[in-house]
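Working notes for the structure below.
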Amino acid sequence: MYRYDEFDEALVRERVAQFSEQVQRRLNGELSEDEFKPLRLMNGLYLQLHAYMFRIAVPYGTLSSNQLHKLAHVARTYDKGYGHVTTRQNMQFNWPRLEDAPAILSELADAHLHAIQTSGNCIRNTTADQYAGVAADEIADPRHYCEIIRQWSTLHPEFSFLPRKFKIAVTGAEEDRAALRTHDIGLRMRRNEEGNPGFEVMVGGGLGRTPVVGVTIRDFLPEEHLLSYLEAILRVYNQLGRRDNIHKARIKILVQSVGREEFARMVEEEWAHLRDGYLTLPQEELDAIARYFAPPPYETLEDTPPELELWQSTSPGFGAWMNENVAAHKQPGYAIVNVSLKPEGGVPGDITAKQMEVVADLAERYSFSEVRATHEQNLVLPYVRKLDLMAVWQELQQAGLATANIGLISDMICCPGLDYCNLANARSIPVAQEISERFADLSRQRDIGPLKIKMSGCINACGHHHVGHIGILGVDKKGQEYYQITLGGSAENETTLGNIIGPAFSADEVGDAMETIVETYLTIREEGESFLETYRRVGQQPFKETLYAAH
Amino acid sequence: MPLIKNGQLVIDPWRAIGDEDSLPEDVHAIISLERWQEDKEGLKVRTAGLGLQLRSDQSPQQVEADLPSFSLIALEFPKFTDGRAYSYARLLRERYGFSGELRAVGNVLRDQLLFMQRCGFDAFELPEGAPVEAWLKALDDFSVWYQPATDNRAPVSSLRRRLRVAAE
Chain X
359 MYRYDEFDEA LVRERVAQFS EQVQRRLNGE LSEDEFKPLR LMNGLYLQLH AYMFRIAVPY
419 GTLSSNQLHK LAHVARTYDK GYGHVTTRQN MQFNWPRLED APAILSELAD AHLHAIQTSG
479 NCIRNTTADQ YAGVAADEIA DPRHYCEIIR QWSTLHPEFS FLPRKFKIAV TGAEEDRAAL
539 RTHDIGLRMR RNEEGNPGFE VMVGGGLGRT PVVGVTIRDF LPEEHLLSYL EAILRVYNQL
599 GRRDNIHKAR IKILVQSVGR EEFARMVEEE WAHLRDGYLT LPQEELDAIA RYFAPPPYET
659 LEDTPPELEL WQSTSPGFGA WMNENVAAHK QPGYAIVNVS LKPEGGVPGD ITAKQMEVVA
719 DLAERYSFSE VRATHEQNLV LPYVRKLDLM AVWQELQQAG LATANIGLIS DMICCPGLDY
779 CNLANARSIP VAQEISERFA DLSRQRDIGP LKIKMSGCIN ACGHHHVGHI GILGVDKKGQ
839 EYYQITLGGS AENETTLGNI IGPAFSADEV GDAMETIVET YLTIREEGES FLETYRRVGQ
899 QPFKETLYAA H
Chain L
2 MPLIKNGQLV IDPWRAIGDE DSLPEDVHAI ISLERWQEDK EGLKVRTAGL GLQLRSDQSP
62 QQVEADLPSF SLIALEFPKF TDGRAYSYAR LLRERYGFSG ELRAVGNVLR DQLLFMQRCG
122 FDAFELPEGA PVEAWLKALD DFSVWYQPAT DNRAPVSSLR RRLRVAAE
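Residue numbers (my numbering), protein chains in the order written: chain X, 359 to 909; chain L, 2 to 169.
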């Protein structure tokens, strides 16, 4: 994992000092709320419905045990004892006091954490495949490029006042776990014919009120040109992105209005001036950063220890968890453990300080002190010996963190909604809780198979509803909360946007609607077909009929 | 308005001249792009300094060939959130080789000075009554930068390289 050196440390400390002074100016009245707002937003501090909200950066989702302990400490000392994992792999606190913000940042800095660029119209925290470096289906490890992007984008002087927020995601695997085509820039690692690493570059994806699937503008970008090419894209966007209408300001609108070919041409033209300049990454630099992400000191282990089979056959609970929450690892004898933050009736993505400590301790003992946050609002222990899986499962279970539902219907993405957010039109948390309770039976969930529900409490789509196999969007109709349902979205390899199925449902009808959709699928599915596959085969009609039969 | 140039408070020798106003012969004048385009030939023979102010929707690319006529370019920030001029400044310095005064005008905030300076601005118009000392101090908020820019500060990557070389 990346370790801060004196320069990283200095920058974070200087940022804390700068922001502490800005908070002071606000508290003593030198700054009005209007003047303070852009300053605090650039440092992840929002003013929500009931309180401030602090969004802490977790670069490409990677945390050390020590950092997770620190987040637990902040949750306990300055908040209500819990935190919330977001779709950008960050950690959010919902109840900090403005007066405490400098102290919180200073404590976080002790663990090399900060809130830089978790908000504002700048390049946000880069996200990545949560299995980066360990996935069995990985072509190349993307983490050191993520770190290079993190450094380049941090306090970038030219790109800190873009037309709109800007999000980059990276993956090096076959399976897209980073939702690349829903990002302003998605980078998929590839190797060319000579075996050299580089990237397929996608731009112009994004959700919100105008959902767009990103398009490829370059099939292969050699690794040494990563930053010069990104700088070219950002420079084109900074100059030509719309600034007259906030809803048309994202790069997706620019790409759509000029067309993919023309946008690619403009980028290439700008890049012609920048390539081979001072942003070219020297091999020495690439190697130096890559060394931070060298594999941990793995033991040489048998890939299928007999104990594992025994545990699976004797403990159905463990077996189910193995099947749903444990993923294949590159290294023989190791496994990737997903820690579900979606217990029955829980708030998706919420984690208590005590649970953070349990996970941090487990990581320390069993996963080379490393934890990942996922864009689907769960955590991951990336390096667990298969022989330790039973011990890890038992401890997770005691902490309420072993719900065997990763990728199943109750593993929902859900935004904070009207319970916290002042943009929201409807509550999303109680609806998620109800769905999670209705489908709590894990054997039924397994029978239903892979099914991603994603829910947003407003059109801004923080809950990614457009790309949910089932998407739920909270809307306000004459002061009443209603929920619009979309079907057939996906943020995986073949990214698609869901289609609205029909009139919206009231809060107390959503649960039944979910049951109807699922039952319809179970009735018409063919052998081995997932929900998405069935939907893609049959389309909306059968679902429409059953959903609105009684209406 | 107070003017900071090269990190110090200075007296502003320039005057912005409105399109409708007559152009005094003996004054360093900042004019609009429209005025320049209308009266290029007349303006070229002036002896006093000539400066050009560009709005944020006017790319300096439009005047690339004319740049030798100007000893000052003022780039306007109509709102602090309009960041186009950061790119313009870098283009002026790095691509078009403009070496005269590059001035930030409009909704310029203290917390942006350093970014502007790194993109090539060397002069800033402050709001009336701004605490100049505090603004000057803001130019020192950070001592390290990750990315190379126009200001030739060594980015962290080259500092690290130096350390590695020294250790070898």
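Beta carbons are placed, not taken as given, at the ideal position from N, Cα and C, and that holds for glycine.
If you draw a straight line from the alpha carbon of residue i to that of residue j, how long is it in whole angstroms?
i	j	result
residue 659 of chain X	residue 732 of chain X	27 Å
residue 378 of chain X	residue 900 of chain X	58 Å
residue 17 of chain L	residue 572 of chain X	45 Å
residue 403 of chain X	residue 29 of chain L	44 Å
residue 473 of chain X	residue 483 of chain X	9 Å
residue 599 of chain X	residue 605 of chain X	11 Å
residue 522 of chain X	residue 562 of chain X	13 Å
residue 895 of chain X	residue 578 of chain X	33 Å
residue 847 of chain X	residue 68 of chain L	52 Å
residue 831 of chain X	residue 856 of chain X	11 Å
residue 27 of chain L	residue 477 of chain X	49 Å
residue 838 of chain X	residue 77 of chain L	45 Å
residue 687 of chain X	residue 495 of chain X	9 Å
residue 534 of chain X	residue 463 of chain X	33 Å
residue 401 of chain X	residue 508 of chain X	15 Å
residue 877 of chain X	residue 739 of chain X	34 Å
residue 790 of chain X	residue 465 of chain X	33 Å
residue 709 of chain X	residue 551 of chain X	45 Å
Who are the near neighbours of residue i in its chain, counting only those whose CB is closer than 8 Å to its CB and skipping five residues on each side?
i	result
residue 151 of chain L	90, 91, 94, 95, 119, 120 and 121
residue 8 of chain L	137 and 140
residue 698 of chain X	683, 736, 759, 760, 761, 762, 763, 764 and 769
Less than 7 Å between C-beta atoms, sequence neighbours within five positions excluded: which residues of the same chain meet that for residue i?
i	result
residue 676 of chain X	669, 670, 748 and 751
residue 775 of chain X	782, 784, 785, 786, 787, 815 and 832
residue 399 of chain X	477 and 478
residue 445 of chain X	733, 735, 771, 820 and 822
Can you give me the Cβ contacts of residue i inside the same chain, cut-off strictly under 6 Å, excluding the 5 residues immediately before and after it?
i	result
residue 716 of chain X	757
residue 594 of chain X	624, 625 and 628
residue 718 of chain X	423, 426 and 427
residue 360 of chain X	505 and 650
residue 451 of chain X	412, 437 and 441
residue 501 of chain X	490, 491 and 651
residue 530 of chain X	496, 497, 498, 499, 500 and 547
residue 124 of chain L	6, 102 and 104
residue 380 of chain X	397
Would you mind reading off the limits of the alpha helix (DSSP H) that contains residue i?
i	result
residue 788 of chain X	787-796
residue 872 of chain X	865-882
residue 591 of chain X	584-598
residue 950 of chain X	Shown here, chain X extends from 359 to 909; a query on residue 950 of chain X therefore has no answer.
residue 460 of chain X	459-468
residue 805 of chain X	800-806
residue 910 of chain X	Given that chain X is displayed from residue 359 to residue 909, the structure contains no residue 910 of chain X and the question cannot be resolved.
residue 900 of chain X	899-906
residue 647 of chain X	641-650
residue 547 of chain X	Where residue 547 of chain X is concerned, there is no enclosing alpha helix (DSSP H), although the beta strand (DSSP E) it sits in stretches over 543-549.
residue 632 of chain X	618-632
residue 377 of chain X	364-385
DSSP has residue i in a bridge; who is on the other side?
i	result
residue 450 of chain X	X:413 and X:442
residue 857 of chain X	X:845
residue 104 of chain L	L:75 and L:124
residue 696 of chain X	X:738
residue 835 of chain X	X:838
residue 420 of chain X	X:730
residue 496 of chain X	X:531
residue 485 of chain X	X:527
residue 708 of chain X	X:442
residue 89 of chain L	None, per the DSSP bridge assignment.
residue 764 of chain X	DSSP output for residue 764 of chain X lists no bridge partner at all.
With residue i as the anchor, note down where its beta strand (DSSP E) starts and where it stops.
i	result
residue 519 of chain X	Run containing residue 519 of chain X: none; DSSP gives neither H nor E here.
residue 151 of chain L	Per DSSP, residue 151 of chain L belongs to no beta strand (DSSP E) and is neither H nor E.
residue 686 of chain X	684-686
residue 558 of chain X	555-561
residue 812 of chain X	811-814
residue 578 of chain X	573-580
residue 893 of chain X	Counting along the chain, residue 893 of chain X falls outside any beta strand (DSSP E), though it belongs to the alpha helix (DSSP H) covering 889-896.
residue 403 of chain X	403-405
How would you list, in chain order, the residues of chain C whose beta-carbon sits under 7 Å from the beta-carbon of residue i?
i	result
residue 512 of chain X	Going by chain labels, chain C is absent from the structure shown, which instead holds the protein chains X and L.
For the stretch 3-82 of chain L, which segments carrying the alpha helix (DSSP H) assignment without a break, of at least 4 residues, lie completely within its bounds, in sequence order?
34-39 and 41-45
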